Amino acid sequence: MDISWLSMISMGVVGAFFALVLAYASNVFAVDTDPRAEAIEEILPGANCGACGFSGCSGFAEGVVTGKAEVSGCPVGGANVANAIAEVMGIAAPADVKRKVAQLLCAGDCEQAKNRAEYNGVADCRAALLAGGGVKMCTYGCLGFGSCAVACPFGAISMDEKDLPVVDEDLCTGCGICVEACPRDLFQLVEEQQGVHIRCRSFARGKEVRQACAVGCIGCRRCARECPEEAIEMVDNLAVINYEKCTNCGACVAVCPTNTIHWQKDKPEVEKLVAVG
Amino acid sequence: MSTLFFIFIGALLVNNFVLVRFLGICPFLGVSRQLETAVGMGMAVTFVMTLSGIVTWVLQHYVLSPFGLAFLQTLLFILVIASLVQFVELFLRKMVPVLYRALGIFLPLITTNCAILGLALLVAQREYDLIQTVIFAVGAGLGFTLALVIMAGIREEMQFAPIPESLQGAGIALITAGLISIAFSGFAGLVPM
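Heads up: the sequence lines are chains A and B, in that order.
Taking my numbering, the leading residue of the first sequence gets 1, the next gets one more, and so forth.
Taking my numbering, the leading residue of the second sequence gets 278, the next gets one more, and so forth.
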């Protein structure tokens, strides 16, 4: 037989054999995918950040289809994504989901907070915490090595020149990864329109706070007394703001002797509320 | 028996496919970020290698050699490997979806992993019998896994190292690979080849 015929036949037979095996295998190992899950995955931001509690966006999409997740379960996508997913699932859009951004509960940068040690180890907050609790005298505040900035998948956190993280609220998606990343739990997800923040998390007594940091909450209670809405509560020498009651009026900002309370006046959402109230 | 052992050790350490023969560098650098996926990738490659080693051996001895079609070797071997990778992909997607997602694009890219074609061609060149082929393929696959696991372990540790900016990413990975490769050259002469 001619060699060209021989090669054609042998290649053809081997190829056909494998084609049959694969065709059979694709039936045996067929995966049932819900077309809605694929549609939802297209809508999702695709950051695979895991803030929803599922392993990535495809896991969340599957969770929505199988009823394990809410349509508004994606904190990154916010209201638009929730509405689009609700449309795919054929159910009513959820109530207005307010966008949340991360707020830092510390203002003790390298100038305001005093140091008690030198540290030359791995530049990572968790490592610094293990090595004797960081360099600052305050044992509640920011360690300043930027683990949050590294952890943020959206590049919304940057370290300023005084080693304090700054949240870019336009880039922040409220995924909450920084909340998990900070070993001192200094991040809080707060609704975007809130503009008054008590930037301290020290439960130490006033005298100790004064020694350690120029901008720490000394627990003087003036803000709590001044607040017309009773939105500030004292918890173990620390003023804690209740954002559900806060109206951004700024009365507490004026009386705070240590300038611990920050007022983001230039936020458009805040300005609106201030103008109304 | 000792020949089989030498073949195994030779494929695993002395002529490690990745670190000494420099075959399959793409997945070696691509999937060596995490220990878990590195092990998964190594197992998938070992499986495809062994199976393709057997199938190509059979084809070599019962199709190519008797009909004098040695010139079809590369073409036929690629066909075999591509089909087997497709099979593994179908299997993993159904049985181990987590690994399937973790491997991502590198799973179909096993097709173009030259370590696997290299193994099939080496087997044909050295005229191994079937048992020797299986031992050789398993040794080579485990050697690939070993290289991947070593690399992944080092890279996981390197996350915390202060690496100069210009070397971050591929730069430091290649330097590390080179150093491991030099270390593996110490195995030369361990078995008579």
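By construction, the Cβ of each residue, glycine as well, lies at the ideal position given by its N, Cα and C atoms.
Predicted model, so just to flag it, every value in this text is computed and none were measured.
Quiz item: What residues from chain A crowd round L384 of chain B, counting only those whose CB sits closer than 9 Å?
Solution: Within chain A, no residue comes near L384 of chain B; the closest Cβ sits about 14 Å away, beyond 9 Å.
Practice problem: Could you tell me whether the Cβ of R370 of chain B comes closer than 8 Å to any Cβ of chain A? | Solution: yes
Exercise. At 9 Å on the CB atoms, spell out the chain A contacts of Q363 of chain B, in chain order.
Key: F18, L22, A25 and S26
Quiz prompt | Neighbour flag for G277 of chain A against chain B, beta carbons, 8 Å | solution = The pLDDT assigned to G277 of chain A is 45, lower than 50, so where the model puts this residue is not dependable; a value taken from the coordinates is nonetheless given after this. Not closer than 8 Å to any Cβ of chain B, the Cβ of G277 of chain A fails to qualify, so no.
Exercise. Please list the partners that F344 of chain B has in chain A, where partner means a Cβ-to-Cβ separation under 7 Å.
Key: L6 and S10
Quiz item: Excluding the five sequence neighbours on either side, which residues of its own chain have a C-beta within less than 8 Å of the C-beta of P183 of chain A, listed in chain order?
Solution: C125, R126, L129, L143 and S147
Quiz item: Does L312 of chain B have its Cβ less than 8 Å from a Cβ in chain A?
Solution: no
Quiz item: Roughly how many angstroms lie between the CA atoms of A471 of chain B and P374 of chain B, to the nearest whole one?
Solution: This structure cannot speak to residue 471 of chain B, because chain B is shown only from 278 to 470.
Quiz item: Where does K136 of chain A fall in DSSP's three states?
Solution: strand
Quiz item: Using a Cβ-Cβ distance under 8 Å, would V196 of chain A count as near chain B?
Solution: no
Exercise. Below 8 Å on the Cβ atoms is my guess for F354 of chain B versus A397 of chain B; work out the distance and round it to an integer in Å.
Key: 5 Å
Self-check item: F282 of chain B, DSSP secondary structure in three states
Solution: helix
Quiz prompt | Cβ-based neighbour list, A438 of chain B, same chain, cut-off 8 Å, excluding 5 preceding and 5 following | solution = none
Quiz item: Any C-beta of chain A sitting closer than 8 Å to the C-beta of V340 of chain B?
Solution: yes
Quiz item: Got a sec: is the Cβ-Cβ distance from S458 of chain B to anything in chain A below 8 Å?
Solution: no
Quiz item: In chain B, what lies closer than 7 Å to V31 of chain A by C-beta?
Solution: R370 and K371
Self-check item: Collapsed DSSP secondary structure at L130 of chain A in the structure displayed
Solution: helix
Practice problem: Assign A460 of chain B to buried or exposed, taking buried as 16 or more other Cβ atoms, counted over all protein chains shown, within 10 Å of its Cβ. | Solution: exposed
Exercise. Establish whether the CB of S360 of chain B and some CB of chain A are separated by less than 8 Å.
Key: yes
Quiz item: For the region 424–451 of chain B, which residues have a beta carbon sitting closer than 9 Å to at least one beta carbon of chain A?
Solution: F437, A438 and P439
Quiz item: Secondary structure at F421 of chain B, three-state DSSP: helix, strand or coil?
Solution: helix
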